[in-house]
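Colleague: Mapped onto numbering that gives the first Met the number 0, the consecutive letters of the sequence shown carry residue numbers 0 to 246. Think of the CB as a built atom: it goes at the ideal place given N, C-alpha and C, for glycine as much as any other residue. The model shown is predicted, which means the values in this text are computed figures rather than measured ones. Have a look at this one before I ask anything.
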Amino acid sequence: MRFDILTLFPDMFPPVLNESIIGRAKQDGFIKINTVNIRDFSRDKHRKTDDYPYGGGNGMVMMAQPIYDAYLSVTEGLSYKPKVIYLSPQGKLLNQELVNELSTCDHFILLCGHYEGVDERIIEEIVDEEISIGDYVLTGGELPAMVLIDALTRTIPGVLASKDSYLEESHNNGLLEYPQYTRPYEFNGRKVPDILLSGHHANIKRWRRQQSLLRTYKKRPDLFNKLELSEEDRKLLHEALNNEGNV
Ligand code: 4G3
């Protein structure tokens with residue numbers, strides 16, 4: 000998977016993307032990340048990349064020309080069009096389902112905006128998808144671009160240890176993950192649930208499923224209401240709620 004990032008702040012990326020699993024995925028050749036400094040494509044003697052908004056108002060708008068030329072520098076000579084994604088608070092909300100859909104694509108251009116955004120004509124001209132990582136405003140699209148790169152990279156076969164395949168985890172079956180424990184058995188007086196020490200694998204599996212259902216019900220009613228539960232799952236959840244005195 001290849002990522003070309005159009006940004007005014009290319010130095011923000013390496014400290015984050017060279018670490019941990021994404022850093023290893025880079026080293027192992029699963030992904031290639033290239034930053035393009037939009038400022039390098041300014042034609043202004045002061046390397047200006049933004050200007051006042053037509054019609055007046057607060058803030059500045061990123062000019063179309065430097066972004067467009069930065070985009071052309073990436074696509075020049077390619078026989079296909081990479082998927083161009085603009086990270087913005089106006090975009091479609093990112094979730095695991097959208098990540099999975101995007102992961103079929105292998106070349107992305109990520110456009111990071113600043114100020115009050117970019118000239119609308121750049122969106123019309125080059126952007127395929129406008130994506131938001133959540134309903135809040137940040138100072139720039141760089142952190143959202145890194146979030147997207149992380150989410151996409153971990154879907155690539157071989158990046159994660161196959162035992163923690165991303166397909167089997169939280170948000171791919173619409174459920175939250177069950178609680179996890181490691182040593183010691185007792186921490187600040189809190190013990191590990193005994194069932195996890197029982198060695199009874201079928202019961203452990205059942206308990207974990209029950210915890211996933213219970214957590215999703217309690218912590219994320221929005222996700223819970225999208226589930227189509229089997230009769231078995233319904234019974235498991237009811238049992239858990241009964242035990243807590245909720246029913
Ligand atoms: C475009 C993305 C970019 C327009 C970007 C601000 C939040 C997100 C920006 C604009 C961003 C997000 C830069 N903030 N929720 N800031 O994904 O008004």
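#1: Once you ignore the five residues that flank VAL98 on each side, which residues in its own chain have a CB closer than 7 angstroms to its CB?
#2: Of the residues ASN245, TRP206, GLU230, LEU195, which one's Cα is nearest the Cα of LYS217?
#3: Starting from LYS82, follow the beta strand (DSSP E) in both directions and report where the run begins and ends.
#4: Could you tell me if VAL126 is buried or exposed, where buried requires 16 or more neighbouring beta carbons within 10 angstroms of its beta carbon?
#5: Nearest to GLY54 by alpha carbon, out of PRO220, ASP118, ALA144?
#6: Just the C-alpha distance for LYS190 and SER197, rounded to the nearest angstrom, thanks.
#7: Grab the span of the alpha helix (DSSP H) containing ASN241 for me, first residue to last.
#8: Alpha carbons only, please: which of PRO65, ALA24, GLN95 is nearest the one belonging to ASN171?
#9: Report back the beta-carbon spacing between LEU16 and MET145 to the nearest angstrom; my notes put them in contact at under 8 angstroms.
#10: Return yes when the C-beta of LEU86 is under 7 angstroms from any heavy atom of the ligand 4G3, and no when it is not.
#11: PHE223 bridges to which residues according to DSSP?
#12: Which one of THR103, THR181, SER102, GLN89 has the shortest CA to CA distance from LEU137?
#13: Can you check which of these residues, GLU243, LEU222, ASP221, LEU213, is closest to ARG233 by C-alpha distance?
#14: So, at 8 angstroms on beta carbons, what are the nonlocal neighbours of ASP105 in its own chain, with the 5 sequence-adjacent residues on each side left out?
#15: What residue from GLU168, SER131, LEU101 has the CA that sits closest to LEU92's CA?
#16: Quick one: give me the first and last residue of the alpha helix (DSSP H) that ARG23 is part of.
#17: At the level of alpha carbons, what is the spacing between PRO81 and ALA69?
#18: Using three-state DSSP, classify ASN99 as helix, strand or coil.
#19: If I measure Cβ to Cβ from TYR177 and keep anything under 6 angstroms in the same chain, skipping five residues before and after, which residues do I get?
#20: Please return the same chain residues whose Cβ sits closer than 8 angstroms to the Cβ of ASP49, not counting the five positions on each side in sequence.
Modeller: According to the structure data:
#1: Same-chain partners within the cutoff: ALA150, LEU151, THR154.
#2: Out of ASN245, TRP206, GLU230, LEU195, ASN245 has the C-alpha closest to the C-alpha of LYS217.
#3: Its beta strand (DSSP E) spans residues 82-92.
#4: Buried.
#5: Considering only PRO220, ASP118, ALA144, the residue with the shortest C-alpha distance to GLY54 is ASP118.
#6: Here the alpha carbon of LYS190 sits roughly 14 angstroms from the alpha carbon of SER197.
#7: ASN241: member of the alpha helix (DSSP H) spanning 230-242, first to last residue.
#8: Residue GLN95 is the option with its Cα nearest to ASN171.
#9: Between MET145 and LEU16 the Cβ distance is about 7 angstroms, and since that is below 8 angstroms, they are a contact.
#10: LEU86 Cβ: within cutoff of the ligand 4G3.
#11: DSSP output for PHE223 lists no bridge partner at all.
#12: The residue among THR103, THR181, SER102, GLN89 with its C-alpha nearest the C-alpha of LEU137 is GLN89.
#13: Taking only the C-alpha atoms, the option nearest ARG233 is LEU213.
#14: Taken in chain order, the residues that qualify are MET0, ARG1.
#15: Out of GLU168, SER131, LEU101, SER131 has the C-alpha closest to the C-alpha of LEU92.
#16: It spans 19-26 - the alpha helix (DSSP H) in which ARG23 sits, taken as one unbroken run.
#17: Distance between the alpha carbons of PRO81 and ALA69 is about 14 angstroms.
#18: In the three-state reduction of the DSSP assignment, ASN99 falls in the helix class.
#19: The answer, listed in chain order, is ARG207, GLN210, SER211.
#20: Excluding its 5 nearest sequence neighbours in each direction, ASP49 has C-beta neighbours in its own chain below 8 angstroms: MET59, VAL60, MET61, MET62, HIS113, TYR114, listed in chain order.
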